[in-house]
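Engineer: Okay, handing you the structure first.
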Amino acid sequence: MADDHGAAVPAGQRRSNPGSFAAMGILIRGGDLVTARGLARADLLVEGERIAAVTAPGAMVGSPGVERVIDATGRLVIPGGVDVHTHMDMPAGDGLVSADDFDTGTRAAAWGGTTTIVDFAEQNPGDRVEDKLAEWHARAAGRAHVDYGFHMIIGEVNPASLGAMAGLVAGGITSFKLFTAYPGSLYLDDGDILRVMQEAARLGAVVMMHAENGIAIDVLAEQAVVGGHTEPVNHGLVRRPELEAEATARTIELASVAGAALYVVHVSCREALEVIRSARTRGARVAAETCPQYLFLSLEEHLARPGVEGASYVCSTPLRSRAEGHQESLWRGLATDDLTVVSTDHCPFCRSEKAMGLGDFRLVPNGIGGVEHRVALLYQGVVEGRISLPRWVEMASTAPARMFGLHPRKGSLTPGADADIVVFDPTATTTITSATHHSAADHSAYEGFTLRGGVETVISRGRVLVERGTWMESDPGGIYLRRGRSVLI
Ligand SMILES: [Zn+2]
9 MADDHGAAVP AGQRRSNPGS FAAMGILIRG GDLVTARGLA RADLLVEGER
59 IAAVTAPGAM VGSPGVERVI DATGRLVIPG GVDVHTHMDM PAGDGLVSAD
109 DFDTGTRAAA WGGTTTIVDF AEQNPGDRVE DKLAEWHARA AGRAHVDYGF
159 HMIIGEVNPA SLGAMAGLVA GGITSFKLFT AYPGSLYLDD GDILRVMQEA
209 ARLGAVVMMH AENGIAIDVL AEQAVVGGHT EPVNHGLVRR PELEAEATAR
259 TIELASVAGA ALYVVHVSCR EALEVIRSAR TRGARVAAET CPQYLFLSLE
309 EHLARPGVEG ASYVCSTPLR SRAEGHQESL WRGLATDDLT VVSTDHCPFC
359 RSEKAMGLGD FRLVPNGIGG VEHRVALLYQ GVVEGRISLP RWVEMASTAP
409 ARMFGLHPRK GSLTPGADAD IVVFDPTATT TITSATHHSA ADHSAYEGFT
459 LRGGVETVIS RGRVLVERGT WMESDPGGIY LRRGRSVLI
């Protein structure tokens with residue numbers, strides 16, 4: 009077999025520490041291990057919080073240190089999912105807060121096989137960066153069920169915010185997110201973006217970009233509303249693919265001038281993907297993610313529903329037209345690694361909050377959920393023959409861990425890695441409905457979706473959170489992850 013580093017595991021066993029099995033051992037036996045590098049039948053031994061050994065099937069059965077055996081026969085055993093784009097407990101103005109906090113959101117993540125999230129602390133104009141980071145730490149501390157890290161959104165560029173970046177990097181915040189969208193709140197002009205990129209380059213941090221031309225979009229949005237086009241579908245129609253592609257191209261060039269590594273978030277359309285593909289082909293340090301909503305949902309089928317039904321699907325970047333072929337392009341981009349990561353941008357709001365924008369689509373709070381379903385949704389790509397099993401694991405777990413300074417501790421089944429492990433049943437059937445999901449949102453973007461395969465057992469740093477459909481944990485045990493350097497491939 010091969011692990012993440014391609015090393016062969018001998019017929020006997022391989023372990024990080026050949027000493028005694030003093031710590032409580034969990035043996036996961038009989039499963040097919042899937043990593044980014046391949047597939048092999050092997051057993052996994054967990055000691056304490058870490059993976060202690062990857063062994064030949066049956067080699068550890070009956071060992072005195074094994075106190076608990078999880079039978080994974082017929083199952084896939086994968087590293088826990090890593091979702092590097094969530095917004096738990098996020099204030100959205102006017103007293104609005106995203107539906108999931110760090111308790112419900114990370115519980116939902118765990119149910120769905122995601123054992124690490126990286127959320128966004130947010131500096132708005134007028135805020136001190138350090139104060140906002142402290143706020144987000146307070147939101148998460150003692151409440152998260154899986155491990156978490158933070159990116160920092162820089163919403164105002166000035167000597168104080170630029171000066172704060174070095175301290176954040178030292179504290180494990182090694183990525184900074186900027187916006188070319190949302191004039192009047194988080195929007196930054198090209199000069200401010202360049203300044204942050206220069207400092208990020210100096211610090212070895214990565215710049216994440218929400219790339220849409222917000223100035224142009226606001227003009228089109230105002231024209232639409234004045235013309236009486238107020239339904240939610242107009243949110244998607246005015247946020248034109250060309251305006252995502254333009255901002256993507258512009259910020260790639262700015263990053264190149266600054267010498268910074270750039271990670272484009274929530275790529276939604278063929279035009280932006282083409283920009284990224286050509287930049288990567290010529291050697292630009294740019295990588296990108298897409299999200300399940302752009303792979304499975306569409307403007308015609310979801311955002312165009314009338315009233316609150318459509319408003320429920322308002323997110324930015326927006327859902328795109330299926331007829332225009334964006335979904336097919338994005339799946340191809342994942343297969344060719346022009347898109348490297350799939351994260352969720354998990355940010356649901358309840359229906360009553362979504363309904364506040366009826367009559368003017370500009371007032372609908374942006375965001376939909378998905379943290380619970382990303383791993384299983386992406387498995388449909390395997391079922392449909394779009395991606396391989398190792399590619400599934402790579403884009404859901406290993407690549408995001410590597411890009412955001414968490415690998416090999418996360419996203420890996422190598423001895424010494426954190427024991428973040430998911431047992432996935434490829435023969436199960438999962439039907440998504442808000443009646444049974446674990447998010448606090450009162451609706452699901454994937455309501456009624458029936459998926460092949462399902463998450464069965466979830467282990468987070470050695471703690472069994474979910475076992476065969478039962479929640480096992482009593483107290484939240486997730487910890488803050490001080491991340492290392494981001495690595496853009
Ligand atoms: Zn987001």
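So that you can map any letter, position 270 of the sequence shown is 278 in the numbering used here, and since no number is skipped, the others follow by simple counting. C-beta atoms are modelled at their ideal positions from N, C-alpha and C, and glycine is treated no differently.
Measure the alpha-carbon distance for Asp433 versus Trp400 and round it to whole angstroms.
Structural biologist: By 1-based counting over the sequence shown, the position of residue 433 is 425. By 1-based counting over the sequence shown, the position of residue 400 is 392. Their backbone Cα atoms lie some 15 Å apart in a straight line.
Engineer: Would you mind sorting Ala146 into buried or exposed? The rule is 16 or more other CB atoms within 10 Å of its CB.
Structural biologist: On the sequence shown, position 138 is the one that residue 146 refers to. Exposed is the call here.
Engineer: Which of the three DSSP states is assigned to His243 in this structure?
Structural biologist: Here the question's residue 243 lines up with position 235 in the sequence shown. Helix at His243.
Engineer: Measuring CB atoms only, is the stretch 357–366 touching the stretch 97–113, in the sense that at least three cross pairs come out at less than 8 Å?
Structural biologist: These segments touch.
Engineer: At what residues does the beta strand (DSSP E) containing Asp200 begin and finish?
Structural biologist: Within the sequence shown, the letter at position 192 stands for residue 200. Run containing Asp200: none in the beta strand (DSSP E); it sits in the alpha helix (DSSP H), Asp198 to Leu211.
Engineer: What is the DSSP secondary structure of Arg359, reduced to helix, strand or coil?
Structural biologist: Taking the first residue of the sequence shown as 1, we reach residue 359 at position 351. Correct three-state label for Arg359: helix.
Engineer: Please confirm if the stretch 453–462 is in contact with the stretch 133–140, defined as three or more CB-CB distances below 8 Å between the two stretches.
Structural biologist: Verdict: no, contact absent.
Engineer: Alpha carbon to alpha carbon, how far is Asp226 from Leu496?
Structural biologist: Position 218 of the sequence shown, counted from the first residue, corresponds to residue 226. Position 488 of the sequence shown, counted from the first residue, corresponds to residue 496. Their Cα atoms are separated by approximately 32 Å.
Engineer: Helix or strand or just coil, what does DSSP make of Ile260?
Structural biologist: Translated into the one-based positions of the sequence shown, residue 260 becomes position 252. Correct three-state label for Ile260: helix.
Engineer: Quick check on the DSSP output: the beta strand (DSSP E) that includes Met160 runs from which residue to which?
Structural biologist: Locating residue 160 in the sequence shown gives position 152, where the first residue counts as 1. Asp155 to Ile162 is the extent of the beta strand (DSSP E) around Met160.
Engineer: Confirm the yes/no value for this check: CB of Asp353, any heavy atom of ligand 1, distance under 7 Å.
Structural biologist: Position 345 of the sequence shown, counted from the start, is the residue given in the question as residue 353. For ligand 1, at least one heavy atom lies less than 7 Å from the Cβ of Asp353.
Engineer: Comparing alpha-carbon positions, which option in Val349, Ala118, Ala263 and Thr123 lies nearest Trp479?
Structural biologist: Sequence index remark: in the sequence shown, residue 479 carries index 471 (1-based). Of the candidates Val349, Ala118, Ala263 and Thr123, the one whose C-alpha sits nearest the C-alpha of Trp479 is Ala118.
Engineer: How long is the line joining the alpha carbons of Lys140 and Gly88, rounded to whole angstroms?
Structural biologist: What you label residue 140 is simply residue 132 of the sequence shown in a count that begins at 1. What you label residue 88 is simply residue 80 of the sequence shown in a count that begins at 1. Cα-Cα distance, rounded: 29 Å.
Engineer: For Val165, tell me which candidate among Ala148, Thr124, Ala208 and His153 has the shortest Cα-Cα distance.
Structural biologist: On the sequence shown, residue 165 is found 157 positions in, with the first residue counted as 1. Ranking Ala148, Thr124, Ala208 and His153 by Cα distance to Val165 puts Ala208 first.
Engineer: Are three or more beta carbon pairs between the stretch 311–330 and the stretch 361–379 nearer than 8 Å?
Structural biologist: Contact holds: three or more Cβ-Cβ distances are below 8 Å.
Engineer: Using a Cβ-based criterion (distance less than 7 Å to any ligand heavy atom), does His95 qualify as near ligand 1?
Structural biologist: To locate residue 95, count along the sequence shown from 1; it is residue 87. Yes; taking the cut-off as 7 Å, the Cβ of His95 has a heavy atom of ligand 1 nearer than that.
Engineer: Would you report the Cα separation of Asn221 and Ala189, rounded to the nearest angstrom?
Structural biologist: Here the question's residue 221 lines up with position 213 in the sequence shown. Here the question's residue 189 lines up with position 181 in the sequence shown. Roughly 6 Å between the two C-alpha positions.
Engineer: Nearest-angstrom Cα distance between Arg76 and Thr458?
Structural biologist: Locating residue 76 in the sequence shown gives position 68, counting from the first residue. Locating residue 458 in the sequence shown gives position 450, counting from the first residue. If you take the alpha carbons of Arg76 and Thr458, they lie about 32 Å apart.
Engineer: What is the DSSP secondary structure of Arg417, counted as helix, strand or coil?
Structural biologist: The sequence position of residue 417 within the sequence shown is 409, counting from 1. In this structure, Arg417 counts as coil in the three-state DSSP scheme.
Engineer: Using the Cβ count rule (16 or more neighbours within 10 Å means buried), how would you classify Asp426?
Structural biologist: If you number the sequence shown from 1, residue 426 lands on position 418. Classification of Asp426: buried, given that the 10 Å Cβ count is 16 or more.
Engineer: By Cβ distance, which residues of its chain are closer than 6 Å to Ser468, with the 5 residues on each side in sequence left out?
Structural biologist: Looking up residue 468 in the sequence shown gives position 460. Once the five neighbours on either side are set aside, the close Cβ partners of Ser468 are Thr123, Val154 and Asp428.
Engineer: Quick one: using the 10 Å Cβ neighbour count with 16 as the cut-off for buried, is Ser28 buried or exposed?
Structural biologist: The count along the sequence shown starts at 1 and reaches residue 28 at position 20. Residue confidence for Ser28 is low, a pLDDT of 40 falling below 50, so the modelled location carries little weight; the figure read from the coordinates is stated next. Exposed: under 16 other Cβ atoms inside 10 Å.
Engineer: Does the structure place the stretch 78–92 close enough to the stretch 431–445 that three or more beta carbon pairs sit under 8 Å?
Structural biologist: They touch, by the three-pair rule.
Engineer: Since Val275 sits in a beta bridge, which residues does DSSP pair it with?
Structural biologist: For the purposes of this step, residue 275 is taken as residue 267 along the sequence shown, with counting starting at 1. Note: Val275 sits in no beta bridge, so no partner.
Engineer: Buried or exposed: Ser494, going by 16 or more other Cβ atoms within 10 Å of its Cβ?
Structural biologist: Counting from one through the sequence shown, the residue named residue 494 turns up at place 486. It counts as buried.
Engineer: Let me confirm a value: Gln231 is counted as buried when at least 16 other C-beta atoms fall within 10 Å, else exposed. Which label applies?
Structural biologist: For the purposes of this step, residue 231 is taken as residue 223 along the sequence shown, with counting starting at 1. Gln231 is exposed by the Cβ-count criterion.
Engineer: Which same chain residues, not among the five before or five after Val349, have their C-beta less than 7 Å away from its C-beta?
Structural biologist: Here residue 349 corresponds to residue number 341 of the sequence shown, with the count starting at 1. Contacts found: Val92, Glu297, Met403, Ala407, Pro408 and Met411.
Engineer: Closer than 8 Å is the cut-off here; do at least three beta carbon pairs connect the stretch 167–179 with the stretch 196–216?
Structural biologist: Touching, yes, given that three or more Cβ pairs across the two stretches are closer than 8 Å.
Engineer: What does DSSP give as the partner residue(s) for Tyr488 in the beta ladder?
Structural biologist: If you number the sequence shown from 1, residue 488 lands on position 480. Bridge partners of Tyr488: Tyr156.
Engineer: Whole beta strand (DSSP E) runs in the stretch 43–129 with 3 or more residues, listed along the chain?
Structural biologist: You should have 46–49, 51–55, 58–63, 74–79, 84–87 and 89–94.
Engineer: What do you get for Met217, buried or exposed, if any count of 16 or more other CB atoms within 10 angstroms of its CB means buried?
Structural biologist: Here residue 217 refers to the residue found at position 209 when the sequence shown is read from its first residue. Buried.
Engineer: Using CA atoms only, rank isn't needed, just tell me which of Leu327, Leu421 and Leu245 is closest to Thr43.
Structural biologist: As a first step, residue 43 is located in the sequence shown; it is residue number 35 there, counting from the start. The residue with the shortest Cα to Cα distance from Thr43 is Leu421.
Engineer: If we count the other Cβ atoms within 10 Å of its Cβ and call it buried at 16 or more, is Val90 buried or exposed?
Structural biologist: For the purposes of this step, residue 90 is taken as residue 82 along the sequence shown, with counting starting at 1. Buried, because 16 or more other Cβ atoms sit within 10 Å of the Cβ of Val90.
Engineer: Rounded to whole angstroms, what is the Cα-Cα separation between Gly192 and Arg288?
Structural biologist: The residue labelled residue 192 in the question sits at position 184 within the sequence shown. The residue labelled residue 288 in the question sits at position 280 within the sequence shown. About 32 Å.
Engineer: So what does Ile36 bridge to, in DSSP terms?
Structural biologist: Position 28 of the sequence shown, counted from the first residue, corresponds to residue 36. Answer by DSSP bridge pairing, in chain order: Leu52 and Ile78.
Engineer: Excluding five sequence neighbours on each side, which residues of the same chain lie with their C-beta closer than 7 Å to the C-beta of Ala80?
Structural biologist: Within the sequence shown, numbered from 1, the residue matching residue 80 stands at position 72. Cβ neighbours of Ala80 beyond the five flanking positions: Ile36, Arg37, Gly38, Gly39 and Val431.
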